[in-house]
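Working notes for the structure below.
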Amino acid sequence: NLKLSYEAVGNKIDVIMVSGTDFGTQNAPFISLDMYREFYKPFHKRINDWIHKNTPWKTFYHSCGSIALFLDDFVGVGVDILNPVQTSAKDMDPKILKERYGDKLVFWGGGVDTQRTLPFGTPEDVRKEVNERCQIFGKGGGFVFNTIHNIQSKVPIENLMAMFQTVKEFKF
427 NLKLSYEAVG NKIDVIMVSG TDFGTQNAPF ISLDMYREFY KPFHKRINDW
477 IHKNTPWKTF YHSCGSIALF LDDFVGVGVD ILNPVQTSAK DMDPKILKER
527 YGDKLVFWGG GVDTQRTLPF GTPEDVRKEV NERCQIFGKG GGFVFNTIHN
577 IQSKVPIENL MAMFQTVKEF KF
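Going by my numbering, the first residue of the sequence shown is number 427, and it counts up by one from there.
Here is the structure:
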């Protein structure tokens, strides 16, 4: 219950995760846009409306995969923050996402690919991708650097260091 949650934490938090449903695979959405609109959108709208009316919180949506099809609807229901921004998925080009939604959504993620670049690239590959993503998503604000997904155990430490160092040195 959102009212009880707000009574418990009040203004001690800034962001609340509203949805952790993955709506996409790497190549396509899991469901059609019509199904999203019928089964999820009314609920998402009610939740976001209540949060924005009654709290200072921003709403955080996590959905992996190819979800570009849903982004206009996410914005329409009041989503504030999108995560993990899986730019390796179909139709999730960082430049297009920033151009279309950079003034409507905060991108929390998309900083470096955790399936290819981070585990299998060189430190230079990591630096290049992190720098590129920071330039794209960071322009004009609305970006929280994060990897596309969880960092796995076999990622070379040199690649992690390259990622952290590049973010630290980047001039937002």
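Where a beta carbon is used, it is the ideal one built from N, C-alpha and C, also for glycine.
Note that the structure is predicted; figures quoted are calculated from it, not measured.
- With fewer than 16 neighbouring CB atoms inside 10 Å of its own CB, residue 579 falls in the exposed class.
- Contact check between the stretch 506–522 and the stretch 536–553: three or more CB pairs, one atom from each, fall below 8 Å, which counts as touching.
- In this structure, residue 528 keeps its C-beta atom at 8 Å or more from the C-beta atom of residue 573.
- The beta carbon of residue 450 sits closer than 7 Å to the beta carbons of 456, 489, 490, 491, 492, 493, 515 from its chain, once the five residues preceding and following it are set aside; these are given in chain order.
- Per DSSP, the continuous beta strand (DSSP E) segment holding residue 441 begins and ends at 441–445.
- Counting C-beta atoms within 10 angstroms of its own C-beta, residue 547 has 16 or more neighbours from the protein chains shown and is therefore classed as buried.
- In this structure the stretch 575–590 lies against the stretch 543–562, because at least three pairs of beta carbons, one per stretch, are closer than 8 Å.
- In this chain, the alpha helix (DSSP H) harbouring residue 471 covers 467–480.
- Judged by DSSP in its simplified three-state form, residue 564 adopts helix.
- Of the candidates 428, 433, 482, 483, 428 places its Cα closest to the Cα of residue 469.
- Taking C-beta separations shorter than 6 Å and ignoring five residues to either side along the sequence, the partners of residue 471 in its chain run 503, following chain order.
- The DSSP-derived three-state label of residue 502 is helix.
- For residue 536, the secondary structure class from DSSP, reduced to helix, strand or coil, is coil.
- The residue from 432, 518, 533, 526 with its alpha-carbon nearest to that of residue 563 is 533.
- Ranked by how close their Cα comes to the Cα of residue 561, the residues 525, 507, 473 have 525 in first place.
- In the assembly as shown, residue 598 is an exposed residue. Its beta-carbon has fewer than 16 other beta-carbons within 10 Å.
- Taken through DSSP and simplified to helix, strand or coil, residue 484 comes out as strand.
- In the same chain as residue 495, and ignoring 5 residues on each side of it, the C-beta atoms closer than 6 Å to its own belong to 455, 459, in chain order.
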